[in-house]
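Inspection log for the structure reproduced underneath, given as structure tokens.
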Amino acid sequence: MGRWVALEGTEAVAYAMKQVAPDVVAAYPITPQTGIVQAFAQFVADGEVHTEFLQAESEHSALSACVGAAAAGARAMTATSAQGLALMWEILYIAASMRLPIVMPVVNRALSAPINIHCDHSDSMGARDSGWIQIYSENAQEAYDNTLQAVRIAEHPQVRLPVMVMMDGFITSHAVERLWIEDDDAVRAFVGTYQPACTLLNLERPLTFGALDFYDYYFEHKRHQVEAMRRAKEAILEVAEDFARRFGRRYALFETYRLEDADVAVVVLSSTAGTARVAVDNLRRLGWRVGLLKPRVYRPFPDFELIHALRHVRAIGVMDRAIAFGAMENGGPLWLEVLAAAHRHDLRIPIANYVFGLGGRDITPSEIEGIFTDLMQIAERGTVTRPVTYVGVRGEMPLPTPAEWSLWIPEATMAGD
Amino acid sequence: MQEMIEIRWHGRGGQGVVTAARLLAEAAMEAGYFIQAFPDYGPERSGAPIRAFTRLSRSPISIHSQVQTPDMVIVLDDTLLGSPLLLEGLKSEGWLVVNSARSPEQVRRQAGGYNGRLALLDATRIALEVLKRNLPNTPLLGALVRLTGLFSLEDLTRHIRHHLAAKFGEEVVRSNLEAVRRGFEEVWIDPGRIASGERPIEAVQSGMALPWFELPRGGLILDAGNAIAYRTGDWRTFRPVVEMEKCTHCLYCWLYCPDDAIQVRGGRFLGFDEAHCKGCGICAAVCPPKAITMVEESRAVAAA
Chain G
1 MGRWVALEGT EAVAYAMKQV APDVVAAYPI TPQTGIVQAF AQFVADGEVH
51 TEFLQAESEH SALSACVGAA AAGARAMTAT SAQGLALMWE ILYIAASMRL
101 PIVMPVVNRA LSAPINIHCD HSDSMGARDS GWIQIYSENA QEAYDNTLQA
151 VRIAEHPQVR LPVMVMMDGF ITSHAVERLW IEDDDAVRAF VGTYQPACTL
201 LNLERPLTFG ALDFYDYYFE HKRHQVEAMR RAKEAILEVA EDFARRFGRR
251 YALFETYRLE DADVAVVVLS STAGTARVAV DNLRRLGWRV GLLKPRVYRP
301 FPDFELIHAL RHVRAIGVMD RAIAFGAMEN GGPLWLEVLA AAHRHDLRIP
351 IANYVFGLGG RDITPSEIEG IFTDLMQIAE RGTVTRPVTY VGVRGEMPLP
401 TPAEWSLWIP EATMAGD
Chain F
1001 MQEMIEIRWH GRGGQGVVTA ARLLAEAAME AGYFIQAFPD YGPERSGAPI
1051 RAFTRLSRSP ISIHSQVQTP DMVIVLDDTL LGSPLLLEGL KSEGWLVVNS
1101 ARSPEQVRRQ AGGYNGRLAL LDATRIALEV LKRNLPNTPL LGALVRLTGL
1151 FSLEDLTRHI RHHLAAKFGE EVVRSNLEAV RRGFEEVWID PGRIASGERP
1201 IEAVQSGMAL PWFELPRGGL ILDAGNAIAY RTGDWRTFRP VVEMEKCTHC
1251 LYCWLYCPDD AIQVRGGRFL GFDEAHCKGC GICAAVCPPK AITMVEESRA
1301 VAAA
């Protein structure tokens, strides 16, 4: 049987790693990921797990070591944050393109400059097109569960792609929460033994890894990679199904909350989804029909399923904890993706963007209520007048409050615009 | 001249193919043309077959794809003549220009029975005689001036003087101009027996192998060690020649050869693996008794 424990997010992930007992963990500590590496190193030092633990001299080397280990047929993991992820950049693409099932918890942290150790999603969002599967976790429980599932997803014979498991820096990583830890044996049974299809160390069948690949083959290999990403969606659901059967906790591509009869909806990743749930409840008490959609899997992006779930609402607010500088309206990456998906699947409703929480700026239920209020006005008006709002930024026009909604007359606001 | 002339260059890494494509373009630019010159780089391997392209036009050039149907195929190394891809897409009115000491008949035969327009120049010999270095580009430029009539020998002279005088001095300018003049005069031109509209030789489709879903994932190569099937010896522009009476069987060559192309039996030097020796010359450089010398491949083949 499992048990309830009080753990920080990083400790929960380190515990999951201990239970997975990868052959190789190569990492370099960086705030706020440090807790993972520190706790895992302790497990190794105490003989609780027999993993080859390597503290590399940089994140670039850490992931490189994982690439070598995974190519050799080992189950390999690492973990990082922000600048560390940025330093891994070129190896991210190599790991994905070589189809190596590396699992990497990423504790989301703002990228410098100015230097900042707190949460936003600019690090992992920057890596969204690197070919890694990306799974975002709301809390310590999800970070633990997703880490376990990531191993199975990455190693799935139809996939063989590396997986990043995100949690919010400090908000989740350094918060102690109550979570359910499964039994070691049950986890071992769930993750199974890694059966590499090809290994560098197989002397019976020598292979060449990472050979030069020009315009005569490179494109075909990229197309092959696309197929893996496509199949990942199904594999993620298959693994989630088995996880639910064994442990009772159910996961999908995304999670909805009071969305079925909602007029307006917010789409938001990770810990803020939890905060948004409070805002939804507050407004529901006032009789507002508001709902929430929390994407769990960002890569592969569940465009069809997501738009299908949102088809009945009158306005969507997409909350982004990152800016895609220079992109349309200087909005956030999640918004751009939802806009594209709506266009692709013929959903013609207003979709506004709310960029929030950069550099760890706190986001509160009342601010999210402001976002819902703005969305109610947008739904009433039928059009978006301010495509991107930088929530809570001094000098920006503030969002309306729910109290203003009862007094709001569309024409008056239009004239005021 | 027609609106645009497209040229494809073939040679081996280290022979100045890319430079040649550029030199011609620059000279043409000074004569008033719009130009484009670009390489088709592979791994930068000395002696490996490489290609480059030149476009010369009377109006601005907007196309950025490789040259598909060249008006001219220029071959800097006649050991490449056997390749079926060499003449791919060459227009029926197009010219095959070859740097070779061989006879026109030999060249035509080697080029798969090519019977179109042919120009031959022993540019390597001229370069070695005049420039004292294996730089066939310069005499070849002279030949191209004569062949295309795109610009005059005076234009080219001015261009060469302009680019070389300040950096290398008058002596280098003079020898380069002499190389150009001899290229212009010595190029052997044969219009061939091609009827208008007829293709000189069937173009080979450089078909790509497998569809994406049949490839091993991640660029994996399943038959490791298949490099042995790759005749890297074909990249050779110089080959090692040994004087056995000087060889002491010290096997320094075997130790240093980066391609494992030294054949040894019973601790004694036997010879070179010609299928894989790239002609890098390291064996000659390290040979203590200087028993190995590097000889130009085409001349070694001609002598044999």
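Going down the list, the sequences are from chains G and F.
Going by the working numbering, the first sequence opens with residue 1, and the numbers climb by one from there.
Going by the working numbering, the second sequence opens with residue 1001, and the numbers climb by one from there.
Each residue gets a CB set at the ideal place from its N, CA and C atoms; glycine is no exception.
- According to the Cβ coordinates, are G/M319 and G/V384 closer than 9 Å? no
- Item | F/R1012 at chain G interface by Cβ criterion, 9 Å | no
- Item | Opposing strand residues paired with G/Y53 [DSSP bridges] | The amino acid occupying residue 53 of chain G in the given sequence is Phe; Tyr does not appear at that position. Its beta-bridge partners are G/V25.
- DSSP state of F/W1254 mapped onto helix, strand, coil: helix
- Message: Measuring CB atoms only, is the stretch 346-360 of chain G touching the stretch 391-402 of chain G, in the sense that at least three cross pairs come out at less than 8 Å?
- Response: Yes, they touch.
- Query: So, is the C-beta of F/A1052 closer than 9 Å to a C-beta in chain G?
  - Reply: So no, F/A1052 is outside the interface.
- Message: Short of 6 Å in beta carbon distance, which residues of its chain neighbour G/G317, apart from the five on each side in sequence? Order them along the chain.
- Response: V266, A352, Y354, I371 and L375
- Task: Can you have a look at G/N108 and say buried or exposed, based on whether 16 or more other CB atoms are within 10 angstroms of its CB?
- Result: buried
- F/N1176, buried or exposed, once every other Cβ within 10 Å from all chains shown has been counted against 16: Burial of F/N1176 is indicated by the presence of at least 16 other C-beta atoms within 10 angstroms of its C-beta.
- Query: Counting only runs that start and end within the stretch 312-362 of chain G, where is the beta strand (DSSP E) found for 3 or more residues in a row?
  - Reply: 315-320 and 351-355
- Applying the criterion that 16 or more other CB atoms from any shown protein chain within 10 Å of the CB defines a buried residue, is F/M1244 buried or exposed? exposed
- Tell me where the beta strand (DSSP E) around F/L1210 begins and ends. DSSP places F/L1210 outside any beta strand (DSSP E), giving it a letter other than H or E.
- Query: Of all the CB atoms in chain F, is at least one closer than 9 Å to the CB of G/E220?
  - Reply: yes
- So F/H1010 packs on F/L1135, CB below 8 Å; how close in whole Å? That pair is no contact at about 17 Å.
- Query: To which residues does DSSP link F/P1060 through a beta bridge?
  - Reply: Answer is none; F/P1060 lacks a bridge partner.
- For F/L1305, which of helix, strand or coil comes out of DSSP? This structure cannot settle anything about residue 1305 of chain F, because the visible part of chain F is limited to 1001 through 1304.
- Does F/G1218 have its Cβ less than 9 Å from a Cβ in chain G? yes
- Message: For a contact defined as C-beta to C-beta under 9 Å, what are the partners of F/F1213 on chain G?
- Response: E220, R223, H224 and E227
- Message: Buried or exposed, going by whether 16 or more other CB atoms sit within 10 Å of the CB of G/V176?
- Response: exposed
- Which parts of the stretch 1045-1109 of chain F are runs of the beta strand (DSSP E), unbroken and 3 residues or longer, counting only runs that do not cross its ends? 1049-1057, 1072-1075 and 1095-1099
- Task: Could you check how far apart the C-beta atoms of F/T1138 and F/V1180 are, in whole angstroms? I think they sit under 8 Å.
- Result: 6 Å
- Query: F/F1269 bridges to which residues according to DSSP?
  - Reply: F/V1264
- Neighbour flag for G/G210 against chain F, beta carbons, 9 Å: yes
- Have a look at G/P422 and G/A65 and give me their C-alpha separation to the nearest angstrom. Chain G is shown from 1 up to 417; residue 422 of chain G falls before or after that span and cannot be answered.
- Message: Please list, in chain order, the residues of the stretch 90-104 of chain G that have any C-beta partner in chain F closer than 8 Å.
- Response: S97, M98, R99 and L100
- With 16 other Cβ atoms within 10 Å as the buried cut-off, status of G/I368: buried
- Based on Cα-Cα distance, which residue from G/F301, G/V278 and G/Y298 lies nearest to G/V290? G/V278
- Query: Would you call the stretch 1046-1054 of chain F and the stretch 1005-1019 of chain F in contact, with 3 or more CB pairs under 8 Å?
  - Reply: yes
- Which ranges does the beta strand (DSSP E) cover as unbroken runs of at least 3 residues, wholly within the stretch 258-302 of chain G, from first to last along the chain? 264-267, 290-295 and 297-299
- Item | DSSP beta-bridge partners of G/R205 | Partner(s): none; G/R205 has no beta bridge.
- If contact means a Cβ-Cβ distance below 8 Å, which residues of the stretch 143-174 of chain G contact chain F? R160
- Near F/F1038, which residues of its chain fall below 6 Å by C-beta distance, leaving aside the five closest residues on each side in sequence? F1053
- Query: Under 9 Å between C-beta atoms, does F/A1048 make it to chain G?
  - Reply: Between F/A1048 and chain G, the shortest Cβ-Cβ separation is not below 9 Å.
- With distances taken from CA atoms, which of F/Q1106, F/L1220, F/I1189 and F/S1092 is nearest F/G1082? F/Q1106
- Just confirm the distance between the C-beta atoms of G/A110 and G/L358, as a whole number of angstroms; I'd bet it's less than 8 Å. 6 Å
- Query: Are the beta-carbon atoms of G/Q38 and G/T10 separated by less than 9 Å?
  - Reply: yes
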